[in-house]
Amino acid sequence: MQRQKTMLVTGAADGTGFAIAARFAKEGWQVLVTSRDIRRAQAAAERIMQQYGTPAFGYALDGVDVQQVAALFDQLDRQDLCPDTVVLNAANLGIGMDPLTVSAEDFMAVLQTNVGWNFAIVQQAARRMKQAGGGAVVFINSNTAYRAIPARCAYSASKSGVLGLARALALDLGKYHIRVNCVLPGMIKTSRWEENANDIQHAPSRYTPLGDIAEFEDIANAAWFLGSDQARNTTGAELTVDGGNMIQLYPIIPQQS
Ligand SMILES: NC(=O)c1ccc[n+]([C@@H]2O[C@H](COP(=O)([O-])OP(=O)(O)OC[C@H]3O[C@@H](n4cnc5c(N)ncnc54)[C@H](OP(=O)(O)O)[C@@H]3O)[C@@H](O)[C@H]2O)c1
């Protein structure tokens with residue numbers, strides 16, 4: 479009998495991460511969900527099991543603690559759970575950083591989580607994927623890896639860093655049949671976006687060639703493609719999911735009707 483495929487996704491108690499977990503579960507994969515809050519992770523796993531009937535488990539994982547990553551993978555070993563695919567979704571958003579006043583600690587914390595902590599997860603996963611004969615890593619990155627937005631200097635730096643990290647990992651891990659790719663969302667319709675009246679008024683959706691920004695499912699579909707065998711000959715790639723925003727030299731502002 480064929481072994482059930484297993485995926486792990488970080489920061490998946492709700493929103494984008496949960497949609498990614500659900501997308502794989504819909505395809506019959508076993509799902510491992512992490513959150514900084516164990517109860518939220520377990521509640522998300524319970525919802526996945528109820529909705530899709532696949533096994534799902536929740537774990538605590540905090541983006542500041544690299545030791546905890548090794549402990550999590552030891553725990554998965556004991557449970558005989560080995561992810562075929564890992565999706566790095568959780569991020570320190572580093573919102574509201576003035577480059578003139580942000581402390582070195584706050585700046586470095588964003589890099590530590592988005593680059594260092596993610597690397598620690600991939601390292602643990604890749605050691606096991608190598609033993610298993612292959613696997614896939616998907617970074618949920620951002621189009622801010624290429625284009626800046628205000629007051630997000632550490633976030634942009636970290637997301638550009640993830641691009642370089644993903645390419646380097648794709649190169650080094652290809653010989654073990656481990657693929658490493660990035661999804662680059664533009665703005666996503668999160669609760670933050672829904673609740674921010676000013677953002678809605680000035681949302682890039684109005685200036686987006688396709689006329690709207692992404693839903694959670696758009697990001698989940700891209701993660702599914704890159705994280706599954708559908709992309710079995712793709713590594714080191716970037717899949718931008720931003721309604722076409724990044725291709726513009728300047729936004730075409732639609733006329734009010
Ligand atoms: N939202 C957008 O418009 C947008 C645009 C471009 C790219 N992205 C990228 O898409 C991914 C998901 O975005 P999102 O807006 O849905 O994210 P989010 O909800 O802000 O973050 C995803 C999850 O990450 C966890 N998290 C937050 N801060 C963390 C920290 N310091 N350390 C460890 N975990 C932390 C949280 O889960 P717990 O509290 O449960 O641990 C959170 O639910 C991120 O990688 C983001 O950079 C988002």
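Numbering (our numbering) for the sequence shown: 479 to 735.
Quick reminder that beta carbons are idealized off the backbone N, C-alpha and C, glycines included.
Cβ-heavy atom distance, residue i to ligand 1, below 6 Å
i, result
"A568", "yes"
"I656", "no"
"L571", "yes"
"M665", "yes"
"A491", "yes"
"T591", "yes"
"G639", "no"
"G541", "yes"
"N526", "The amino acid at residue 526 is misidentified as Asn; the sequence shows Ile. Flag unset: Cβ of I526 not near ligand 1."
Between the CA atoms of residue j and residue i - distance to the nearest angstrom
i, j, result
"A623", "A635", "7 Å"
"L688", "V719", "11 Å"
"V544", "D650", "22 Å"
"N567", "S706", "16 Å"
"A490", "I731", "34 Å"
"A598", "A582", "22 Å"
"A709", "R645", "16 Å"
"V658", "A715", "8 Å"
"R625", "R556", "43 Å"
"P729", "I666", "18 Å"
"L647", "A610", "17 Å"
Cβ separation of residue i and residue j, assumed to be a contact under 8 Å, to the nearest whole Å
i, j, result
"R501", "W702", "5 Å"
"L574", "A632", "Note on residue identity: the sequence assigns Gly, not Leu, to residue 574. Not confirmed; about 11 Å, so no contact."
"T532", "G613", "With a Cβ gap of about 18 Å, T532 and G613 do not count as contacting."
"A503", "A522", "Not confirmed; about 11 Å, so no contact."
"L662", "N619", "5 Å"
"I697", "A569", "12 Å between Cβ atoms; not a contact."
"G664", "A692", "6 Å"
Selected residue, minimal CA-CA separation from residue i, among the options
i, options, result
"M527", "V511, L643, L539, K653", "V511"
"E695", "G495, A587, N723", "G495"
"Q602", "M586, K637, Y633, C560", "C560"
"Q480", "G506, T488, V487, A499", "G506"
"G721", "R684, L589, R710", "R684"
"R742", "V487, A534, A538", "Here the chain has residues from 479 to 735 only, and residue 742 is not among them."
"V617", "K637, I691, D540", "Note that residue 617 is Phe in the sequence shown, not Val. The candidate whose alpha carbon is nearest that of F617 is K637."
"M586", "V615, G541, G642", "G541"
"R670", "L571, V593, T591", "L571"
"V593", "L554, G639, L578", "G639"
"C660", "G652, E673, K653, G642", "G642"
Q: Could you name each continuous alpha helix (DSSP H) segment of 4 residues or more that falls completely within the segment 631 to 683, going from the start of the chain to the end?
A: Listed in chain order, the alpha helix (DSSP H) runs fully inside the segment 631 to 683 are 631 to 651, 669 to 673, 675 to 679, counting runs of at least 4 residues.
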